[in-house]
Amino acid sequence: MQVCYVAYVSGIVQGVGFRYYTQQQAVALGVTGYAYNMDDGQVEVFACGEQQQVEKLLAWLKVGPKSARVERVLVEPRAVKDMKDIAGFRIRY
């Protein structure tokens, strides 16, 4: 079953390669979407794919790379009308 979630990751998550490592994890899991640095210091991660794979990525976000310090992850389900519009996992600027 295909699902989509948006996660807001807080802590020391900008300037430490968080988006890059998130992209690596997502690609390895076959999850599509994006990672984006927000103006308030959080990283927004939009993730779509098979339920189990997306859950693995969401669990990884709670830890992050060694260079980061994740303090909080807020996750919300999102509906996407056409999954074909979401190809690959990219870093948004």
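Take the sequence shown: its position 40, counted from the start at 1, is 39 in numbering that gives the first Met the number 0, and no numbers get skipped.
Note that CB positions come from ideal geometry on N, CA and C, so glycine has one too.
Considering only residues of the same chain and omitting the five flanking positions on each side of residue i, which have a CB-CB separation below 6 Å?
i: tyrosine 20; result: Pro64
i: aspartate 39; result: none
Taking a contact to mean a Cβ-Cβ separation below 8 Å, would you say residue i touches residue j in this structure?
i: valine 44; j: leucine 28; result: no
i: valine 8; j: glutamine 51; result: no
I need the DSSP call for residue i, collapsed to helix, strand or coil.
i: valine 53; result: helix
i: arginine 91; result: strand
i: arginine 18; result: helix
i: valine 26; result: helix
Which same chain residues, not among the five before or five after residue i, have their C-beta less than 8 Å away from its C-beta?
i: alanine 78; result: Cys3
I'd like to confirm the pairing. Which residues does DSSP put opposite residue i in its beta bridges?
i: alanine 34; result: Val44, Ile90
For residue i, collect the residues of the same chain with a Cβ closer than 7 Å to its Cβ; drop the 5 residues on either side in sequence, then sort them by chain order.
i: isoleucine 93; result: In the structure as shown, the chain begins at 0 and stops at 92. Residue 93 is therefore absent and cannot be evaluated.
i: glutamine 24; result: Leu56, Trp59
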